[in-house]
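J.:
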Amino acid sequence: MKVLFVYPRFQRHAQAHPELLQYVPMNEYLGSPSLGIACLAAVTPAHWEIEFRDDRLTPADTPTDADLVAFSFFTPAATRAFELGRYFRAQGKPTVAGGIFSTAMPHISAQHFDSVVVGEADGVWPKVLADAQAGALQKRYETVPCELGSLPLPKVSLYIDGEGPSFNPDDYPVQLSRGCPLSCHSCILPVSMTKTLREYPLAHVVGQLDQLAAKGKRACLTEDTSWLPGKGNRLLMSMFDHLIEHGQQARVSYVGISMPMIIATPRHLFEKARRAGVTMFYLVGGFDPVTMRAFTGKDAKQLERAHQAIAKCHDVGIEPYTSFLIGQDDDDEGTVDRMLEFAQASGIRKAEFAVFTPYPGTPSWTRLQAEGRILHTDWSRYNDANCVYQPRHLTPDQVTEAYLRLWRDFYADKRHFLTASHDERTIQF
Ligand code: SF4
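Numbering (the numbering used here), first residue to last: 216 to 644.
1. Go to V421, then tell me how far its alpha helix (DSSP H) extends in each direction, as first and last residue.
2. Identify every run of the alpha helix (DSSP H) within the segment 292-376, keeping only runs that are complete inside it and at least 4 residues long; order them along the chain.
3. With DSSP as the reference, identify every bridge partner of A285, one or two as the case may be.
4. Going by DSSP in three states, C395 sits in which element: helix, strand or coil?
5. Check the DSSP bridge columns for R413 and list the partner residues they point to.
6. Examine the ligand SF4 and report whether any of its heavy atoms sits within less than 7 Å of the Cβ of S595.
7. Opposite S473 in the DSSP bridges: which residues?
8. How big is the Cα-Cα spacing for Y356 and M476?
9. Are A428 and R466 closer than 8 Å when you measure CB to CB?
10. Can we count F496 as close to the ligand SF4, meaning its CB is less than 7 Å from some heavy atom?
11. Is it true that the CB of V218 sits closer than 8 Å to the CB of L344?
12. Work out the CA separation of V389 and T480 for me, nearest whole Å.
13. Please determine, among H529, L590, L518, D544, the residue with the shortest C-alpha to C-alpha distance to L555.
14. I believe L484 touches M452 by the beta-carbon criterion, under 8 Å. Please report the beta-carbon distance rounded to the nearest angstrom.
15. Kindly indicate the opening and closing residues of the beta strand (DSSP E) around T581.
16. Taking one C-beta from the segment 238-250 and one from the segment 368-381 each time, how about it: are there three or more such pairs within less than 8 Å?
17. Between which two residues does the alpha helix (DSSP H) harbouring V406 extend?
18. Give me the Cα-Cα distance between F632 and R640, rounded to the nearest whole angstrom.
19. Where does N448 fall in DSSP's three states?
20. If we call anything under 8 Å between Cβ atoms a contact, is G462 one with R489?
21. I'd like the span of the alpha helix (DSSP H) that includes R482, first residue to last.
22. Any idea what DSSP makes of A627, helix, strand or coil?
23. Give, in chain order, every unbroken run of the alpha helix (DSSP H) that is at least 4 residues long and sits entirely within the segment 226-264.
24. Closer than 8 Å is the cut-off here; do at least three beta carbon pairs connect the segment 569-577 with the segment 590-609?
25. Please work out which residues of its chain come closer than 8 Å, Cβ to Cβ, to D439, disregarding the five sequence neighbours upstream and downstream, and give them in chain order.
26. Is DSSP giving T506 helix, strand or coil here?
27. Between which two residues does the alpha helix (DSSP H) carrying R553 extend?
28. State buried or exposed for L262, treating a residue as buried only when at least 16 other CB atoms are found within 10 Å of its CB.
29. Taking Q543 as the reference, which of G447, F502, D337, P341 has the closest Cα?
30. Output needed for R413: all residues of its chain with C-beta closer than 7 Å, excluding positions within five of it in sequence on either side, in chain order.
31. Answer yes or no: the CB of F502 versus the heavy atoms of the ligand SF4, is any distance below 7 Å?
32. State yes or no: is the C-beta of E438 nearer than 7 Å to some heavy atom of the ligand SF4?
33. Please state the DSSP three-state secondary structure of C435.
34. Which one or two residues does DSSP pair with D386 in a beta bridge?
35. What does the alpha-carbon distance come out to for the pair V614 and D547?
36. Under a three-way DSSP split, which group does P606 fall into?
Shown next as structure tokens:
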């Protein structure tokens, strides 16, 4: 038996807006696929042969001898995933879809695939394969949250073995936990992975780091949940302790965080992160009360807190690679100037800019749907680079202009990055 895993392509910032390539003196970095397929490959029984196609690198719609075609995708890739689903079904291949979009909108995925897995698929995956082998694939599989300590290491070799000139990431994601007890208005994580924070055992995290290091790769920790007080950041600190004790610095490329978490985290924990070799934070903005208010021009307190957060990063020697979100309801024609002024005054050297996108399944999506403000459901435009809803004070065109101006003006005086080292000038955009 053979299963073909497909990671469908999606349009990235510079593909949606090619002028960004002129504005931004940085390398566009094609990151790793999400861990979903690597996790499923790890729990695929040995009698199943595995093939993996990354549709971003080579179009996946070519014939296959696989017995089952499995898709994992998030919203920006949904349109392409449906196209690929139709292609393989026309070839007579059974298809199954999972991942964030199918979890949030299973009724839509069900129109395009023979079967849909809702939620974390690791636990149910062997049954899906057994059903496929018996010719009895169910239309829908509901899952329960996984006991993370029981899972094998994700099979990231599936991705790394496919590297070539157009895909050669320095880092791959390492997962410390799943789920989040908070419910930030634009975040899908509590929906796709539940509201219960579940951590991996430290040995599993170290195993993930080790298997990447063995391939010469660093780890990126994308989720800001690692900093949540309590069991969340206890595991992160244990991981840092492990790295320090073993003299294994520089094995982590960046750690995701938000401004409230920077403010709430005691300084000595950042110093430990620095000692463990962390030199960059991926500072996510636009989801939290600080960054949602700091650039409105009406909340001096949150602006001051935002300045404090950046200063704290600089103080401990960790670069805040900062992500700004434009196009929210409080944004107006002055927001771009205020964001740029803040970036300049606080000394942010590297930033990215995204358009607020109400992803299906999030609280924002539910609210804006109810208010009749979702403009369309062309999922390929749900990619942080297009305005897909009607904001309160700006038109969608104004949001797009603001987004492009942020990229252009922020990087206008940073042409020196053109001759900087690979590490210095590499960002995902
Ligand atoms: S943005 Fe972070 S803290 Fe907020 S719900 Fe998502 S994972 Fe949790």
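Every residue, glycine too, gets a C-beta built ideally from N, C-alpha and C.
T.: Taking the geometry as given:
1. 417-428
2. 293-305, 315-319, 321-324, 340-348, 372-375
3. F220, V311
4. coil
5. R393
6. no
7. V499
8. 36 Å
9. yes
10. no
11. yes
12. 21 Å
13. L518
14. 6 Å
15. Premise fails: T581 lies in the alpha helix (DSSP H), 578-585, not in any beta strand (DSSP E).
16. yes
17. 404-408
18. 6 Å
19. helix
20. no
21. 482-490
22. coil
23. 228-231, 235-238, 251-257
24. yes
25. G471, I472, S473, M476, V499
26. helix
27. 550-561
28. A small fix is needed here, since residue 262 is His in this sequence, not Leu. With fewer than 16 Cβ atoms within 10 Å of its Cβ, H262 is classed as exposed.
29. F502
30. P360, L363, S392, R393, G394
31. yes
32. yes
33. strand
34. R433
35. 9 Å
36. coil
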